[in-house]
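*Asks:* Questions regarding the structure given below will be posed in turn.
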Amino acid sequence: MAYKNIKIPADGAKITMKDGELQVPDNPVLPFIEGDGTGRDIWKASVAVFDAAVEKAYGGKRKVHWMEVYAGEKAHDMSGEWLPEETIEAFTEYLIGIKGPLTTPIGGGIRSLNVALRKMLDLYVCQRPVQYIEGVPSPVKHPEYVDMVIFRENTEDIYTGAEFEYGTDENKKFMGMLKENFPEQYDKFRFPDTAGISIKPVSQEGTARIVRAAIQWALENKRKDVSLVHKGNIMKYTEGAFRAWGYEIAKGEFRNDIVTERETWILGNKESNPDMTVEENAKAIDPGFDMMAPDKQKEILAEVEEALALWDTHGNGKWKTKLNIRDTIADIVFQQTITRAKSFDVLATMNLNGDYLSDALAAQIGGMGIAPGANINYVTGRAIFEATHGTAPKYADLDQVNPGSVILSGEMMFRYMGWHEVADLILKGMTGAVAAKTVTYDFDRLMDGATKVKCSEFGQAMIDHMD
Ligand code: NAP
């Protein structure tokens, strides 16, 4: 496509996808959005770090050709549009890109540009690693126990934007339709005449692709478990369905490589007591078995038999080598990821739970200034790596904020491209700069004996520590 404001770098080549594999040339064109507010300072520091790491890793054999694309205030000033069509086109055409934070006005005005980009490019995985870097100030006693990766579903749930504002004709029409056709549901509304409504769709296809991505990634990266996070005890047909479909995908597509937590109990019971009957095993995994209704008991007995049928591939301790699939309720997970951080690994979540959880977990490893993120479609290969924090407007153009979130998002991006040497150098630079206590204001205020540096100086300190 011919672009109006975007200038395509002359010497770069496109990243493509062939047979499900990314094809990354030595001179890839990577689109970037600088971002609003502090995005300007952060991008300058970040791109210097990226270019230095590529140069140090490959000595000129490989080079990124950055292509600026526009969104947010800069785009609006230039073209009157917040998210120009050609920006979407560029990310579609060039597959992989990176962005700084963009302003989202609250209540009315434009909808979130970040959400719009994810939806338009169908970037269904929001991937957020939460890993501690030695020396980063943290509010918890053992931040080094934290090593989790969140796979948050990015395209549905309550974020779909199917909403009916209170007081509008649409709202009245919707409530009228509900009253007439679904009186039982209508009667559940405490204040039906003054309610704003949001619809929460959670589909089988949407669940399948996020859980599949989480399991595939966990297997490729030799992680030990995947937890399905849900509030299915309350929202049975959305969050509960997410849990049920998640297990279906795990068992249906990855049977040989995974074991569910309950299967580990059943197989473990049989191993420690080979004479144990199916019924005894059922009572061991569900101590309330005797009080259950006959149908429920039948279900548990069938579950035990199904697990024991895995004996050849999973029995005799073989299950200990498999990826463990389990589920956890969304409220308790906030507590346990703090009190038992070591026992969490990969977390697959729906959109809203994942949004809360990723920010909460980021606090344990140093906060938003340093937490990276990526939005990925593992089928098309398209991906946008991005800062997880906002534009922090009060610090705009002061060269003060921490560029860590965009820089570590870049680290993820280079790893995704297969340029592991660059990613390793970025991590080395970050670890070195923090260990030397050369940090931006946000870490300085929490550390003893630190040297406070500017955003740009932190980037330079990272480059110095790559050697
Ligand atoms: P914010 O921009 O994330 O800032 C909140 C606070 O977080 C800042 O005041 C600062 O804390 C700290 N912080 C953020 N970025 C930092 C960095 N790079 N280094 C160090 N500290 C950092 O959140 P907000 O003020 O709620 O949102 C501002 C705008 O950003 C809104 O328009 C919002 O919609 C948008 N937003 C965009 C994205 C995105 O583009 N992905 C995400 C979230 C929000 P201290 O004041 O304590 O130093």
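Last residue of the sequence shown? That's 496 in the working numbering, and every number before it is there in order. We put the CB at the ideal spot given by N, CA and C, even for glycine.
1) Count the other CB atoms, across all protein chains shown, that sit within 10 Å of the CB of residue 400; report buried if there are 16 or more and exposed otherwise.
2) Leaving out five residues before and five after residue 42 in sequence, what residues of the same chain have Cβ atoms less than 6 angstroms from its Cβ?
3) Does the ligand NAP have even one heavy atom less than 6 angstroms from the beta-carbon of residue 132?
4) So what does residue 160 bridge to, in DSSP terms?
5) Look up residue 404 in the DSSP assignment and give the residues it is bridged to.
6) How about the segment 156-166 and the segment 401-408: do they share at least three Cβ pairs that are nearer than 8 angstroms?
7) Where does residue 113 fall in DSSP's three states?
8) Would you mind stating whether residue 119 and residue 98 have Cβ atoms separated by less than 7 angstroms?
9) Note the first and the last residue of the continuous beta strand (DSSP E) segment covering residue 360.
10) Taking the beta strand (DSSP E) that residue 61 falls in, what are its first and last residues?
11) Hey, out of 192, 285 and 172, whose CA is closest to residue 366's CA?
12) In whole angstroms, what is the alpha-carbon distance linking residue 376 and residue 204?
13) I need the straight-line Cα distance from residue 423 to residue 296, nearest angstrom please.
14) Suppose you measure from the CA of residue 228 to the CA of residue 443; what does that come to, to the nearest Å?
15) Does the distance from the CB of residue 51 to the CB of residue 383 come in under 7 angstroms?
16) Would the beta-carbon of residue 61 fall within 7 angstroms of that of residue 127?
17) Counting only runs that start and end within the segment 78-126, where is the alpha helix (DSSP H) found for 4 or more residues in a row?
18) Along the chain, where does the beta strand (DSSP E) that runs through residue 50 open and close?
19) Going by DSSP, what residues sit across from residue 181 in a beta bridge?
20) Kindly indicate the opening and closing residues of the beta strand (DSSP E) around residue 47.
21) Any idea which residues DSSP pairs residue 467 with across the strands?
22) Can you tell me whether DSSP reads residue 29 as helix, strand or coil?
23) Is it buried or exposed, residue 356, if we count other Cβ atoms within 10 angstroms and call 16 or more buried?
24) Mind checking residue 198: buried by the 16 CB within 10 Å criterion, or exposed?
25) Count the CB pairs spanning the segment 287-301 and the segment 341-356 that are closer than 8 angstroms, and state whether there are at least three.
26) The alpha helix (DSSP H) that contains residue 343, what's its start and end?
27) Beta carbon of residue 380: closer than 6 angstroms to some heavy atom of the ligand NAP?
28) To which residues does DSSP link residue 193 through a beta bridge?
29) For a test of the three-state rule: what should DSSP assign to residue 301, helix, strand or coil?
30) Quick one: does the C-beta of residue 392 sit closer than 6 angstroms to a heavy atom of the ligand NAP?
31) Suppose contacts are defined by Cβ-Cβ distances below 7 angstroms. Is residue 374 in contact with residue 254 by that definition?
32) Should residue 223 go down as buried or exposed, given a rule of 16 or more other Cβ atoms within 10 Å for buried?
33) Are the segment 455-464 and the segment 92-108 touching by the rule of at least three beta carbon pairs closer than 8 angstroms?
34) Please determine whether the Cβ atom of residue 397 lies at a distance below 6 angstroms from any heavy atom of the ligand NAP.
35) Quick one: which unbroken beta strand (DSSP E) runs of 3-plus residues sit fully inside the segment 234-311? Chain order, please.
36) With a CB to CB cut of under 6 angstroms and the five nearest residues on each side skipped, what residues in its chain are close to residue 450?
*Replies:* According to the data block:
1) If you number the sequence shown from 1, residue 400 lands on position 371. Buried, by the Cβ-count rule.
2) Position 13 of the sequence shown, counted from the first residue, corresponds to residue 42. Cβ neighbours of residue 42 beyond the five flanking positions: 54 and 56.
3) Here the question's residue 132 lines up with position 103 in the sequence shown. Flag set: Cβ of residue 132 near the ligand NAP.
4) For the purposes of this step, residue 160 is taken as residue 131 along the sequence shown, with counting starting at 1. Paired residue(s): 176.
5) The residue given as residue 404 occupies position 375 in the sequence shown. BP columns for residue 404 point to 155 and 413.
6) The count of Cβ pairs closer than 8 angstroms, one atom from the segment 156-166 and one from the segment 401-408, reaches three, so the stretches are in contact.
7) Position 84 of the sequence shown, counted from the first residue, corresponds to residue 113. Coil at residue 113, not helix or strand.
8) Start at 1 with the first residue of the sequence shown, and residue 119 comes out as number 90. Start at 1 with the first residue of the sequence shown, and residue 98 comes out as number 69. The answer is yes: Cβ separation under 7 angstroms.
9) Residue mapping note: residue 360 aligns to position 331 of the sequence shown, counting from 1. Taken as a continuous stretch (DSSP letters only), residue 360 belongs to no beta strand (DSSP E), being part of the alpha helix (DSSP H) at 359-368.
10) Stepping through the sequence shown from its first residue, residue 61 is reached at position 32. Counting along the chain, the beta strand (DSSP E) containing residue 61 begins and ends at 58-62.
11) As a working note, residue 366 is residue 337 in the sequence shown. With distances taken between Cα atoms, residue 366 lies closest to 172.
12) In the sequence shown, counting from the first residue as 1, residue 376 sits at position 347. In the sequence shown, counting from the first residue as 1, residue 204 sits at position 175. Taking the straight line from one Cα to the other gives about 36 angstroms.
13) Reading the sequence shown from its first residue, position 394 is the one you call residue 423. Reading the sequence shown from its first residue, position 267 is the one you call residue 296. Rounded to whole angstroms, residue 423 to residue 296 spans 57 angstroms at the Cα level.
14) On the sequence shown, residue 228 is found 199 positions in, with the first residue counted as 1. On the sequence shown, residue 443 is found 414 positions in, with the first residue counted as 1. Computed Cα separation, rounded: 37 angstroms.
15) Along the sequence shown, one-based indexing puts residue 51 at 22. Along the sequence shown, one-based indexing puts residue 383 at 354. Cβ atoms of residue 51 and residue 383: not closer than 7 angstroms.
16) Residue 61 sits at position 32 when you count from the first residue of the sequence shown. Residue 127 sits at position 98 when you count from the first residue of the sequence shown. Yes, the pair counts as a contact, with Cβ atoms nearer than the cut-off.
17) Within the segment 78-126, the complete alpha helix (DSSP H) segments at least 4 residues long are 102-108 and 114-123, listed from N- to C-terminus.
18) Locating residue 50 in the sequence shown gives position 21, where the first residue counts as 1. 50-52 is the span of the beta strand (DSSP E), which, as asked, contains residue 50.
19) Along the sequence shown, read from residue 1 onward, the residue named residue 181 stands at position 152. In DSSP, residue 181 forms a bridge with 155 and 378.
20) Here residue 47 refers to the residue found at position 18 when the sequence shown is read from its first residue. First-last of the beta strand (DSSP E) with residue 47: 45-47.
21) The residue you call residue 467 lines up with position 438 of the sequence shown. Looking at the DSSP assignment, residue 467 forms a beta bridge with 480.
22) Limits of the chain in this structure are 30 at one end and 496 at the other, which puts residue 29 out of reach.
23) Here residue 356 corresponds to residue number 327 of the sequence shown, with the count starting at 1. Buried: at least 16 other Cβ atoms inside 10 Å.
24) Translated into the one-based positions of the sequence shown, residue 198 becomes position 169. Answer is exposed; the Cβ neighbour count stays below 16.
25) yes
26) Taking the sequence shown and counting its residues from 1, the one referred to as residue 343 is at position 314. Here the alpha helix (DSSP H) through residue 343 covers 340-343.
27) For this step, residue 380 is matched to residue 351 along the sequence shown. Flag unset: Cβ of residue 380 not near the ligand NAP.
28) Counted from its first residue, the sequence shown places residue 193 at position 164. Its beta-bridge partners are 226.
29) Your numbering for residue 301 matches position 272 in the sequence shown. If DSSP states are grouped into helix, strand and coil, residue 301 belongs with the helices.
30) By 1-based counting over the sequence shown, the position of residue 392 is 363. No, since every heavy atom of the ligand NAP falls outside the 6 angstroms radius drawn around the Cβ of residue 392.
31) As a working note, residue 374 is residue 345 in the sequence shown. As a working note, residue 254 is residue 225 in the sequence shown. Cβ distance < 7 angstroms, so residue 374 and residue 254 count as in contact.
32) Here residue 223 refers to the residue found at position 194 of the sequence shown. Exposed.
33) no
34) Numbered from 1 along the sequence shown, position 368 holds the residue referred to as residue 397. Yes; taking the cut-off as 6 angstroms, the Cβ of residue 397 has a heavy atom of the ligand NAP nearer than that.
35) 254-259 and 287-289
36) Taking the first residue of the sequence shown as position 1, residue 450 is located at position 421. 86.
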